[in-house]
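Asker: Below is one structure. I have some questions about it.
2 protein chains.
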Amino acid sequence: MAESNANIFKAIDAERRGTSFEEVVMQLREMIHRGELRPGDRLPPERDLAKQLGVSRPTLRAGISSLAAVGVLQPRRGAGTFVVEAEGPPTLDSSALRLMASLQRFTPAEMFEARRSLEMSIAALAAERATGEQMAEMSEEITGMFASLDEPEQFLVHDMRFHQTVAAASGNRILTALMNMVATILFEVRSKTVRRARDLKESAEMHRAIYRAIRDRNPEAARDAMRDHLMLAQAAQEQEEELD
Amino acid sequence: MAESNANIFKAIDAERRGTSFEEVVMQLREMIHRGELRPGDRLPPERDLAKQLGVSRPTLRAGISSLAAVGVLQPRRGAGTFVVEAEGPPTLDSSALRLMASLQRFTPAEMFEARRSLEMSIAALAAERATGEQMAEMSEEITGMFASLDEPEQFLVHDMRFHQTVAAASGNRILTALMNMVATILFEVRSKTVRRARDLKESAEMHRAIYRAIRDRNPEAARDAMRDHLMLAQAAQEQEEELD
DNA sequence: AGATGGCTCTTGGTCATACCAATCGACTTT
DNA sequence: AAAGTCGATTGGTATGACCAAGAGCCATCT
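Encoded structure:
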């Protein structure tokens with residue numbers, strides 16, 4: 002029969018021809034990859050772009066939604082759709098990881114361990130590469146921690162900034178982005194539990210140990226200090242959760 | 002004027018009321034987080050779900066597109082939309098990282114370094130936790146490498162499977178997922194360059210060194226062996242690129 | 001002349017509706 | 001009973017319209 006022939010052809014032709022909207026996503030990605038779209042650029046209006054790509058506006062919008070979901074595009078009503086600015090610390094959208102955590106039932110211990118692995122590597126790299134400026138910034142954040150031992154909220158800000166600075170000093174933006182992904186999720190958990198001021202002084206001391214190791218250009222010591230710090234932080238977190 | 006009053010109220014009321022389609026995404030995410038939607042589950046038909054959530058079908062579809070973009074939902078035409086099965090190695094969609102690489106101009110050296118950091122941690126963990134079964138699997142893949150020294154394509158398959166097995170043995174699915182993200186992108190680069198058979202034997206030997214360290218429950222040795230292996234792989238890759 | 005307010009146009013956000021295409025299942029036929 | 005067929009279900013796309021929020025222009029007022 003002719004129909005079975007058609008099926009055969011379909012099977013042969015099974016080069017996974019994506020749906021039309023996947024085609025749009027691919028087109029846009031390639032435009033970005035080829036540098037035709039640079040950070041901060043504005044895309045043509047949806048109506049024009051849809052015509053230009055030969056698809057309907059809803060289809061185009063589905064593609065834009067996908068790219069917006071991964072944090073690459075940023076539509077602003079009335080203004081246009083923009084390629085996201087690559088400013089500040091590189092951040093990958095953590096929603097994907099958060100959803101995967103829900104689906105696969107990741108344990109907090111697993112997440113802490115992942116963060117520890119990332120930050121230990123980052124600390125070691127920072128010890129090799131940190132500039133004087135970055136080290137000064139770390140020092141300032143530690144000073145800020147000691148100055149806010151009785152203001153947990155403020156302390157947390159300095160804490161996060163310190164880790165950001167170390168990550169920047171590592172010179173590896175990918176590790177930085179991955180660390181941010183994991184840290185964001187852990188932070189959401191942490192912000193739910195009451196922050197007790199008890200351990201803050203000890204925490205600040207451990208940050209100082211990390212800083213000293215980096216300042217002394219001692220990667221192994223930096224790695225160990227970071228491990229000690231995060232192990233303690235995890236223990237404190239788990240202790241707090243038991244009390245709820 | 003009444004209008005300026007309205008503006009004032011608007012400013013006060015600035016509780017960042019997300020767009021309607023973001024509301025949909027949030028609803029779906031919470032359903033997943035609360036366990037109402039489990040891996041493999043099928044969502045209600047779009048027409049029904051749209052009515053249920055009080056939005057139009059295009060809006061709902063935009064939300065589904067977003068979640069599909071991060072690999073959580075998987076629409077199948079004619080069948081329905083499913084929550085993705087959490088089977089096999091955990092894999093986060095790498096498109097986000099790939100796009101970020103384009104936007105921020107990540108260097109290959111940076112990506113190699115990120116992979117190295119991740120896999121060194123993974124190897125150390127695997128040395129502590131690998132089961133006998135997993136070690137046997139590693140051994141088999143190494144055998145496969147030696148058996149395909151003159152078939153680069155086949156060798157590469159065993160290579161990748163070995164690293165997958167080590168990652169699984171690490172017991173940390175987050176690190177595994179992150180490693181896969183980075184490795185996927187590097188693999189895309191690698192598959193473009195011609196694979197020369199010259200170094201395959203040496204590569205296989207280094208894999209064996211990793212395996213032995215894991216078998217001996219020696220985390221430090223495993224970490225070092227993994228570092229040596231990936232450093233050499235990077236050097237070989239860079240050498241090949243010079244020849245193009 | 002400069003600043004300020006409002007107006008209008010651009011542009012993303014939403015909706016309703018219709019039709020196409022792939023899949024699945026029940027029914028019919030052999 | 002097995003296999004093919006047809007129809008219902010369901011995601012994919014298209015058209016067209018309207019709403020809402022910025023942005024920029026212009027007229028008015030100071």
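Chains as they are written, first to last, in our numbering: chain A, 2 to 245; chain B, 2 to 245.
Built from N, CA and C at the ideal position, the CB exists for glycine as well.
Grab the span of the beta strand (DSSP E) containing B:L74 for me, first residue to last.
Answerer: Translated into positions along the second sequence, residue 74 of chain B becomes position 73. L74 to R77 is the span of the beta strand (DSSP E), which, as asked, contains B:L74.
Asker: Name the residues in the stretch 100-121 of chain A whose C-beta lies less than 7 Å from a C-beta of chain B; which are they?
Answerer: So the list reads L100, M101, S103, L104, Q105, F107, E111, M112, E114, A115 and S118, given in the order they occur along the chain.
Asker: For a contact defined as C-beta to C-beta under 7 Å, what are the partners of B:V183 on chain A?
Answerer: Within the second sequence, numbered from 1, the residue matching residue 183 of chain B stands at position 182. Near B:V183 (Cβ distances below 7 Å), the residues of chain A are I175.
Asker: Under a three-way DSSP split, which group does B:T144 fall into?
Answerer: The count along the second sequence starts at 1 and reaches residue 144 of chain B at position 143. Here B:T144 sits in helix by DSSP.
Asker: Since B:G81 sits in a beta bridge, which residues does DSSP pair it with?
Answerer: Along the second sequence, one-based indexing puts residue 81 of chain B at 80. According to DSSP, which records beta bridges pairwise, B:G81 is partnered with B:R77.
Asker: In angstroms, rounded to a whole number, what distance separates the CA positions of A:E37 and B:R213?
Answerer: In the first sequence, counting from the first residue as 1, residue 37 of chain A sits at position 36. In the second sequence, counting from the first residue as 1, residue 213 of chain B sits at position 212. Spanning the two alpha carbons is a distance of roughly 48 Å.
Asker: Determine the direct distance from the alpha carbon of B:E47 to that of B:V84, and round the result to whole angstroms.
Answerer: As a working mapping, residue 84 of chain B is identified with position 83 in the second sequence. As a working mapping, residue 47 of chain B is identified with position 46 in the second sequence. Going by the C-alpha atoms only, they are around 14 Å apart.
Asker: Note down the Cα distance separating A:R224 from A:A128, rounded to an integer number of angstroms.
Answerer: Counting from one through the first sequence, the residue named residue 224 of chain A turns up at place 223. Counting from one through the first sequence, the residue named residue 128 of chain A turns up at place 127. Going by the C-alpha atoms only, they are around 9 Å apart.
Asker: Can you tell me where the alpha helix (DSSP H) with B:V158 in it begins and where it stops?
Answerer: Translated into positions along the second sequence, residue 158 of chain B becomes position 157. It spans P153 to S171 - the alpha helix (DSSP H) in which B:V158 sits, taken as one unbroken run.
Asker: Whose C-beta lies closer than 7 Å to the C-beta of A:V56 among residues of the same chain, with five residues either side of it excluded?
Answerer: If you number the first sequence from 1, residue 56 of chain A lands on position 55. So the list reads S21 and V25, once near-sequence residues are dropped.
Asker: Compute the Euclidean distance between the alpha carbons of B:E141 and B:H208, then round it to the nearest angstrom.
Answerer: Within the second sequence, residue 141 of chain B is the residue found at index 140, counting from 1. Within the second sequence, residue 208 of chain B is the residue found at index 207, counting from 1. Roughly 12 Å between the two C-alpha positions.
Asker: When burial is assigned at 16 or more other CB atoms within 10 Å of the CB, is A:M180 buried or exposed?
Answerer: The residue you call residue 180 of chain A lines up with position 179 of the first sequence. Result: buried.
Asker: Which first and last residues belong to the alpha helix (DSSP H) in which A:A87 is found?
Answerer: Translated into the one-based positions of the first sequence, residue 87 of chain A becomes position 86. Segment: none, A:A87 is in no alpha helix (DSSP H) and carries neither H nor E.
Asker: Assuming the contact rule is C-beta atoms closer than 8 Å, B:I175 and A:A205 should be a hit. Round their C-beta distance to whole Å, please.
Answerer: Against the second sequence, residue 175 of chain B aligns to sequence position 174. Against the first sequence, residue 205 of chain A aligns to sequence position 204. The Cβ separation is near 28 Å, so there is no contact.
Asker: Give the DSSP-derived three-state secondary structure of B:R191 in the structure shown.
Answerer: Mapped onto the second sequence, residue 191 of chain B falls at position 190. B:R191 falls in the helix class under three-state DSSP.
Asker: With distances taken between CB atoms, is the gap from B:I33 to A:L104 smaller than 8 Å?
Answerer: The count along the second sequence starts at 1 and reaches residue 33 of chain B at position 32. The count along the first sequence starts at 1 and reaches residue 104 of chain A at position 103. In contact: B:I33 and A:L104 (Cβ atoms closer than 8 Å).
Asker: Which term fits B:T166, buried or exposed, when burial requires 16 or more other beta carbons within 10 angstroms of its beta carbon?
Answerer: Walking along the second sequence from the start, residue 166 of chain B turns up at place 165. Buried, by the Cβ-count rule.
Asker: Closer than 8 Å, CB to CB, is B:V195 near chain A or not?
Answerer: Looking up residue 195 of chain B in the second sequence gives position 194. Since pLDDT at B:V195 reaches only 49, below the 50 mark, its modelled position is unreliable, and the value read off the structure follows with that caveat. By this cut-off, B:V195 is not an interface position.
Asker: Pull up the distance between the alpha-carbon of B:P40 and that of A:M101, whole angstroms please.
Answerer: Translated into the one-based positions of the second sequence, residue 40 of chain B becomes position 39. Translated into the one-based positions of the first sequence, residue 101 of chain A becomes position 100. Their Cα atoms are separated by approximately 10 Å.
Asker: Helix, strand or coil: which one does DSSP assign to A:R43?
Answerer: Walking along the first sequence from the start, residue 43 of chain A turns up at place 42. Residue state, collapsed to three classes: strand.
Asker: Contact criterion: CB-CB distance below 8 Å. Does B:D151 meet it with respect to chain A?
Answerer: Looking up residue 151 of chain B in the second sequence gives position 150. Not one chain A Cβ lies under 8 Å of B:D151.
Asker: Could you check how far apart the C-beta atoms of A:L68 and A:L61 are, in whole angstroms? I think they sit under 8 Å.
Answerer: The residue labelled residue 68 of chain A in the question sits at position 67 within the first sequence. The residue labelled residue 61 of chain A in the question sits at position 60 within the first sequence. Wrong, their Cβ atoms sit about 11 Å apart, outside the cutoff.
Asker: Less than 8 Å between the beta carbons of B:L201 and B:R117, yes or no?
Answerer: As a first step, residue 201 of chain B must be located in the second sequence, where it is residue number 200. As a first step, residue 117 of chain B must be located in the second sequence, where it is residue number 116. In this structure, B:R117 does not lie closer than 8 Å to B:L201 by Cβ.
Asker: Could you tell me the distance, in whole angstroms, from the CA atom of A:V71 to the CA atom of B:R99?
Answerer: Translated into positions along the first sequence, residue 71 of chain A becomes position 70. Translated into positions along the second sequence, residue 99 of chain B becomes position 98. Between A:V71 and B:R99, the C-alpha separation is close to 11 Å.
Asker: So B:S95 and B:T177 are in contact, right, with Cβ under 8 Å, and what is the actual spacing, rounded?
Answerer: As a first step, residue 95 of chain B is located in the second sequence; it is residue number 94 there, counting from the start. As a first step, residue 177 of chain B is located in the second sequence; it is residue number 176 there, counting from the start. That belief does not hold up - the Cβ atoms of B:S95 and B:T177 are roughly 13 Å apart, past 8 Å.
Asker: Return the CA-CA distance between B:E241 and B:T144, expressed in angstroms with no decimal places.
Answerer: As a first step, residue 241 of chain B is located in the second sequence; it is residue number 240 there, counting from the start. As a first step, residue 144 of chain B is located in the second sequence; it is residue number 143 there, counting from the start. In a straight line, the C-alpha of B:E241 is about 26 Å away from that of B:T144.
Asker: In chain A, which residues lie with their C-beta within 7 Å of the C-beta of B:D94?
Answerer: Indexing the second sequence from 1 puts residue 94 of chain B at position 93. Within 7 Å Cβ-Cβ: A97.
Asker: Return helix, strand or coil for A:F107, following the three-state DSSP convention.
Answerer: Residue 107 of chain A sits at position 106 when you count from the first residue of the first sequence. In this structure, A:F107 counts as coil in the three-state DSSP scheme.
Asker: Express the C-alpha separation of B:R35 and B:M121 in angstroms, rounding to a whole number.
Answerer: For the purposes of this step, residue 121 of chain B is taken as the residue at position 120 of the second sequence. For the purposes of this step, residue 35 of chain B is taken as the residue at position 34 of the second sequence. Each residue's Cα considered, the two are about 35 Å apart.
Asker: If you draw a straight line from the alpha carbon of B:P91 to that of A:A97, how long is it in whole angstroms?
Answerer: Residue mapping note: residue 91 of chain B aligns to position 90 of the second sequence, counting from 1. Residue mapping note: residue 97 of chain A aligns to position 96 of the first sequence, counting from 1. Using only the alpha carbons, I get a separation of about 12 Å.
Asker: In the DSSP assignment, find the alpha helix (DSSP H) that holds A:A70 and state where it starts and stops.
Answerer: Start at 1 with the first residue of the first sequence, and residue 70 of chain A comes out as number 69. Element bounds for A:A70: R58 to A70.
Asker: The alpha helix (DSSP H) that contains B:S21, what's its start and end?
Answerer: As a working mapping, residue 21 of chain B is identified with position 20 in the second sequence. Taken as a continuous stretch (DSSP letters only), the alpha helix (DSSP H) holding B:S21 covers S21 to H34.
Asker: Measuring straight from C-alpha to C-alpha, what distance separates A:L54 and B:P59?
Answerer: Counted from its first residue, the first sequence places residue 54 of chain A at position 53. Counted from its first residue, the second sequence places residue 59 of chain B at position 58. When rounded, the distance between both Cα atoms is 20 Å.
Asker: Could you check whether the Cβ of A:R17 sits closer than 8 Å to any Cβ belonging to chain B?
Answerer: The residue given as residue 17 of chain A occupies position 16 in the first sequence. Because the pLDDT at A:R17 is just 40, under 50, the model does not fix this residue reliably, and the value given afterwards should be weighed accordingly. It does not; no Cβ of chain B falls within 8 Å.
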